[in-house]
Amino acid sequence: MTIPAMPADVTVAADGLRFSWTPWSLGVSVALLAVVAAVCLAGWWRSGFRPGYGLLESLRFLIAAFVVLLLNQPEWVTETRPSEKPVVAVLVDDSRSMATADVQQAGASQGESPAAAQIVSRERAVSDLREADFWKPLEDRFTVRIATFPSRETGEGKPSQPGTNLFEPLDAALRGETDLKAVVLASDGDWNEGRPPAQAAAALRLAGIPVMAVPVGSVTPLPDIAVASLDSAVTGVVGKPFRIPFTIKSTLPREQAVSVVIETSDGRSFTKEVRLASMAKTSDAVYWTPADTGDFTITVRVPPDAAEVVDDNNSRTAPVAIRQEKLRVLVVESVPRWEYRYLRNALARDPGVELSCLLFQPGLSKVGGGNKDYIKRFPGSLDELSQFDVVFLGDVGLGERQLTEEDCRLLEGLVEFQASGLVFMPGPLGNELSLVDSPLGDLLPVMVDSARPEGTGTPTPGNFALTDRGRTSLLTRLADSVEENLAVWDALPGFQWYGPVLRAKAGSEVLAVHDAASNEFGRIPLLVTRPFGAGKVLFMATDGAWRWRKGVEDKYHYRFWGQVVRWMAYRRTMAKGERMRLLFTPEQPEVGQVVSLDASGSDPVGEPIVTGSMTVTVRSPSGAEETLRLAAPGEQGQWGVFSGGWTPREPGSHELILSCAEAGEPLATSVFVQAAAGEAVGEPARPDVMEEIARLTQGRVTPSGKLSSVIEAIRGLPESPPEVRRVRLWAHPAALATLVTLLAAFWVGRKWQGLF
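This is the structure in structure tokens:
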């Protein structure tokens, strides 16, 4: 039998043979051995004390003694202690938010008043934890390893000011140390990257490793004025007012009037007087009418206030592309209901829209109308339909003198591969229910009720209720601030009919619901969007938007539908040439974020390019170039969509040049890459996160002003119990082999004595 050898890095504390016996089992064992001894002596006496028979009976007694020994479960126990000291991991947050100066420290002189206290940064308040001398009182029992996070090393695609990931350092300490005794974590708790730190805390709890948490920082934000957001659209139309909405956050203890400066890269400058509410966000907007096409940048700037502690967040910049071309819109309807009439007027009067209309006119001998905007048939070929950026489908469906299966298939491909927008506007005829089983069924963002194709009419008007997503969407923004926008939607005239909607499909975004009507799935969705392939789909469940003109004429009605058209078509118009188009997602990427590229083109006769090659040359602000080869079309080759990906490595404006020999002249556009978001100085600390980590690991929370308590807490940790290794001799294969050998010898002995 082999006893396992000890590892080289441990010291043997104690070893030996141990039994799991009790007084009762010991008594029984002695009694059994006495009986066996008596039987053996009697047998030897009957043999006349022959020497050979005496050896055989001695072997019998030995076998019985061995069995009794095994029944008392003998074990070889070895207790070992590591020769190395247990490890205490000290993790100190070194992210940008730790530069916030909001920690109050007492003055150096004894007896100073609280007013004389010094305000230091969070990093300075816990700087002692990073010094080896601070941990000298523990060097007799522990090995202290000090580390900071996150790493300041930067590489391609990595931000120079990364956020805080509390999970990673805790998990690395658990996995990287073989004899981890405790973890000291000093941070403001403001984690914004990685997995939840509670997951790492749970793993530490299972391993029996406590975390001594040192929260640092104030939960009250520093006095600051910051440009919180600049939510302008990414494209605009030359000569048309372009709205620049912005939001300013103030944590000053008083209201403040500021002069907000908006600058465009074409040299224009606007000033807007804004009164900032205390400890709140204030939204406003200005309008800029671009005179030329091109790629511009917009900068919103707020002058620093004397009470501010941080002034590097007083401006924000966003790109915008100003285009000349008009958006081509197709509106298809069955009968000219009121919603159709006012929608047609709104789009026809929009200088940025080129409108085409088609009325199927059920019951009449011909389709269309008498205006020049009308067409006589649905665009039945790919090259005809691909000219449209947005298509509105009213109360129409599959059927005689309406849409065909081929029309629906072309519309599906137009949205999926050509990035066009599709708007569903059901009506009381219920024709759109026939589209559920057509190629357009997958595009519908809602589940419809086939039992009520005519929808629901109500004697009392219903109203739109914006969801949380709808309150921030560009589609539903009818006023500059969130509060004003909600007030506008609450005051809009109601509607008295809505379509047969059950619920929104998975992956859809509900922007507005019925304020009163509901079913087993909740409130009835009224305004729902969803992406589909490269394009977007919108479902408008009521035909009462034309009533919004009451008392205000075109103010809200025209603005809403104008926003819908531009929102649904802006991807398609990102970069468009005579024969090629380039789409990229996201529109405002960050450094290190993968950008999806989709390109399409047509040959000189107008047919989509499905063979050959397309390449994109990327020129970065530093002058570096890289060439990307886009993958050729797959199964849906008729649409000629070439796809690829690109990962920007530096911020700024990048030039993208799309080339294809079959399409002729290359297409050039630009993409503005944002610097990767890091952390902000001045944000409130989150001590609750640190307290949760300490609680989950059965650790302790120590204020940053009492760092010496951390030493005492670690000193109070119990000694690590020795590692006990047990070899169960009673169940060891060698014990079985020994017993079998003894029994075999006993059988041979009996044979030798002539007892068989």
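In my numbering, the protein residues as written are 4 to 759. Beta carbons are placed, not taken as given, at the ideal position from N, Cα and C, and that holds for glycine.
As a quick exercise: from the options, pick the residue whose alpha carbon is nearest that of residue i.
| i | options | result |
| --- | --- | --- |
| R178 | L209, L58 and P153 | L209 |
| F145 | W733, V751 and R718 | R718 |
| E357 | A349, V335 and K329 | K329 |
| N488 | F391, A468 and V393 | A468 |
| T741 | G46, L29, F52 and V70 | V70 |
| T463 | H517, A683, E715 and V491 | H517 |
| V97 | S453, L169 and A135 | Contrary to the premise, residue 97 reads as Asp rather than Val in this sequence. Comparing Cα-Cα distances from D97 to each of S453, L169 and A135, the minimum goes to L169. |
| R319 | P534, V334 and F249 | F249 |
| L585 | A351, A283 and A666 | A666 |
| F542 | V619, D386 and V513 | V513 |
| G397 | L443, E336 and V123 | E336 |
| P724 | L74, P89, H657 and A40 | P89 |
| V241 | P736, D392, P200 and D269 | D269 |
| Y559 | I122, T479 and G55 | T479 |
| K243 | T292, V230 and E276 | T292 |
| A294 | V305, L183, T302 and Q327 | Q327 |
| W649 | N466, P589, D131 and P721 | P589 |
| A683 | D557, A634 and S100 | S100 |
| L361 | Q405, V613 and A280 | Q405 |
| Q107 | V93, R125 and V95 | R125 |
Considering only residues of the same chain and omitting the five flanking positions on each side of residue i, which have a CB-CB separation below 8 Å?
| i | result |
| --- | --- |
| F749 | L59, L62, R63 and I66 |
| L477 | D234, A236, Q566 and W570 |
| D3 | Outside the shown range of the chain, which is 4 to 759, sits residue 3, and nothing can be said about it. |
| Q677 | Q591, P592, E593, V594 and P654 |
I believe residue i touches residue j by the beta-carbon criterion, under 8 Å. Please report the beta-carbon distance rounded to the nearest angstrom.
| i | j | result |
| --- | --- | --- |
| M3 | E523 | Given a span of 4 to 759 for the chain in the structure shown, any question on residue 3 remains unanswerable. |
| I149 | V186 | About 12 Å separates the two Cβ atoms, so there is no contact after all. |
| P322 | V237 | 7 Å |
| L207 | V214 | 6 Å |
| A288 | R246 | 6 Å |
| V619 | E628 | Between E628 and V619 the Cβ distance is about 11 Å, and since that is not below 8 Å, they are no contact. |
| V598 | F587 | 5 Å |
| V31 | V91 | V31 to V91, Cβ: 51 Å. No contact. |
| I325 | G297 | 6 Å |
| F299 | T274 | 19 Å between Cβ atoms; not a contact. |
| V338 | P365 | 7 Å |
| S359 | D376 | 6 Å |
| R474 | V485 | 6 Å |
| F137 | D131 | 5 Å |
Cutting at 6 Å between CB atoms, please list the residues of its own chain near residue i, excluding the five before and the five after it.
| i | result |
| --- | --- |
| S112 | Low confidence applies here, because S112 scores a pLDDT of 42, under 50, leaving its location unreliable; read the following figure in that light. There are no such residues. |
| G400 | N434, E435, S437 and L438 |
| E610 | none |
| Q76 | S23 and W733 |
| S623 | E653 and H657 |
| P117 | Note that P117 scores a pLDDT of 41, beneath 50, so its modelled location is shaky and nothing firm can be said. |
For a test of your reading of the model: does the CB of residue i fall under 7 Å from any non-hydrogen atom of the ligand ADP? Yes or no.
| i | result |
| --- | --- |
| S190 | The ligand ADP is absent from the structure shown, which contains no ligand whatsoever. |
Leaving aside the five residues before and after residue i along the sequence, list all residues of the same chain whose C-beta is less than 7 Å from its C-beta, in chain order.
| i | result |
| --- | --- |
| E419 | F535, G536, A537 and G538 |
| R340 | G430 and D546 |
| E156 | Here the model assigns E156 a pLDDT of 48, short of 50, so the residue's position is not dependable, and the following value carries that caveat. Answer for E156: no residue qualifies. |
| V33 | none |
| L225 | T103, D105, T254, V312, V313 and G685 |
| P10 | With a pLDDT of only 40 at P10, under the threshold of 50, the placement of this residue in the model should not be trusted, and no figure is reported. |
| R455 | P503 |
| P669 | I660, L661 and S662 |
| R582 | G604, S605, A666 and G667 |
For chain C, check one thing: does any of its Cβ atoms lie closer than 8 Å to the Cβ of residue i?
| i | result |
| --- | --- |
| S23 | Judged by its chain identifiers, the structure shown contains no chain C, having just a single protein chain. |
Starting from the N-terminal side, write out each stretch of the alpha helix (DSSP H) that is 4 residues or longer and does not extend beyond the stretch 45-102. 54-74
Any chance the stretch 429-447 sits against the stretch 490-508, with 3 or more Cβ pairs inside 8 Å? yes
Does the pairing of the stretch 404-420 with the stretch 511-531 give three or more beta-carbon distances under 8 Å? no
Measuring CB atoms only, is the stretch 540-560 touching the stretch 329-348, in the sense that at least three cross pairs come out at less than 8 Å? yes
With three or more beta-carbon pairs closer than 8 Å as the criterion, would you say the stretch 665-675 touches the stretch 691-706? no
Please give the ranges of any alpha helix (DSSP H) in the stretch 298-383, keeping only runs that are unbroken, at least 4 residues long and fully inside the region. 341-351
The stretch 76-89 touching the stretch 37-48, judged by at least three CB pairs closer than 8 Å: no
Alpha helix (DSSP H) segments (min. 4 residues) lying fully within the stretch 436-464: none
Inspect the CB distances between the stretch 640-657 and the stretch 593-606 and report whether three or more fall short of 8 Å. yes
If we require 3 or more residues per run, which beta strand (DSSP E) segments fall completely within the stretch 384-416? 393-396
Please list the segments of the beta strand (DSSP E) lying wholly inside the stretch 662-734, counting only runs of 3 or more residues, in order along the chain. 670-676 and 726-731
3 or more residues per run - each beta strand (DSSP E) lying fully within the stretch 592-630: 598-604 and 618-622
What residue ranges within the stretch 483-564 form continuous alpha helix (DSSP H) runs of no fewer than 4 residues, ordered along the chain? 485-494
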